[in-house]
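Undergrad: For the sequence shown, position 140 (counting from the first letter as 1) is numbered 140 according to UniProt numbering, and the numbering increases by one without interruption.
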Amino acid sequence: MKPRIASTELAQHRTGKLTDTVYASLRDDIYAFRLLPGDRFAENDVAERLQVSRTPVREALMRLQSEGLVRGHFRNGWEVVPIDLARFASLYELREMLELHAVRKLCSPRVAPEHRQQLVATQGAIWQCAATDRLPDGLAVAALDEGFHAALVQAAGNGEADSVYRQLTDQLRIMRRLDFAYGDCIDDTYAEHCAILDAIAGADGELAGALIARHIEDSHTVVERLTITRLEQVRAESVQTAPLQGNLVAGGAPARRKRFG
1 MKPRIASTEL AQHRTGKLTD TVYASLRDDI YAFRLLPGDR FAENDVAERL
51 QVSRTPVREA LMRLQSEGLV RGHFRNGWEV VPIDLARFAS LYELREMLEL
101 HAVRKLCSPR VAPEHRQQLV ATQGAIWQCA ATDRLPDGLA VAALDEGFHA
151 ALVQAAGNGE ADSVYRQLTD QLRIMRRLDF AYGDCIDDTY AEHCAILDAI
201 AGADGELAGA LIARHIEDSH TVVERLTITR LEQVRAESVQ TAPLQGNLVA
251 GGAPARRKRF G
């Protein structure tokens, strides 16, 4: 029995590694707009292109779906989640409302100074560093950026607001990460986070609120411009290199364009 158990564990380990590989490949395709918002595809397309079975493909797609990057259609393949700029504008407005409330509460007398200082110390260890120690990888900084803003809301101590904010983060992830993948925001992010932490450390709710509002509004403006520009570039290149083809996704529905192979 022992060899069989070891063999099963090895197979599971290999499948897990394959899932990670497929996930990273598809995520990069989405962020690079090799898969455009609204594009449809089938699991078989991905499996054939990456030379893997459908199991790690399905697991990777479920992971991407949990992050709000793709969505599955029953018996009709998968779709890259379309970008609705008006909807994202509303989500950014909601994000600003939640974070403004959080930082103002953190700076109020209702919050013990030691609780506030613990937040500043924990996040300061990441963001208050020398310029030479800043991470150069945009997507790595994007993940830390999500953690920073989630920590502000969580520290305010409203569990319901924290739950809503986490859902909001999932829905905004693709837009926020475009800023780090294609923008030039790493240094600004470090500097602005440091300024926000300094305001919170000094219990200056008015300043902290003004800084967080400007930080979010500037980010929204940049990612919206990047999204429009990037989509226009990719679509122009697509028209120049090949006409749209009447490919099919699983279940026989017409795809906008088959992007694998």
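Ideal Cβ positions, reconstructed from N, Cα and C, are used throughout, including at glycine.
All figures in this text were calculated on a predicted structure; none of them were measured in a lab.
#1: Please state if the CB of Ala102 and the CB of Leu152 are separated by a distance shorter than 8 Å.
#2: By the DSSP assignment, the beta strand (DSSP E) with Gly157 in it spans what residues?
#3: Compute the beta-carbon to beta-carbon distance between Gly72 and Leu61, rounded to the nearest angstrom, for a pair I have assumed lies under 8 Å.
#4: Hey, Tyr182 and Arg134: beta-carbon distance below 8 Å or not?
#5: Using a beta-carbon distance below 8 Å, is Tyr182 in contact with chain D?
#6: Would you list the residues sitting across from Phe41 in a DSSP beta bridge?
#7: By alpha-carbon positions, which one of Arg173, Glu206 and His215 ends up nearest to Cys185?
#8: Compute the Euclidean distance between the alpha carbons of Leu35 and Arg95, then round it to the nearest angstrom.
#9: Should Gln123 go down as buried or exposed, given a rule of 16 or more other Cβ atoms within 10 Å for buried?
#10: Span of the alpha helix (DSSP H) holding Gly68?
#11: Given this structure, state the Cα-to-Cα distance separating Pro113 from Phe88, to the nearest angstrom.
#12: Suppose only complete runs of 3+ residues qualify. What are the beta strand (DSSP E) ranges in the segment 162 to 246, listed by chain order?
TA: Well, looking at it:
#1: yes
#2: Here Gly157 belongs to no beta strand (DSSP E), and DSSP marks it neither H nor E.
#3: 7 Å
#4: no
#5: The structure shown has no chain D; it contains just one protein chain.
#6: Trp78
#7: His215
#8: 27 Å
#9: buried
#10: Unbroken run through Gly68: none, as it is neither H nor E.
#11: 35 Å
#12: none
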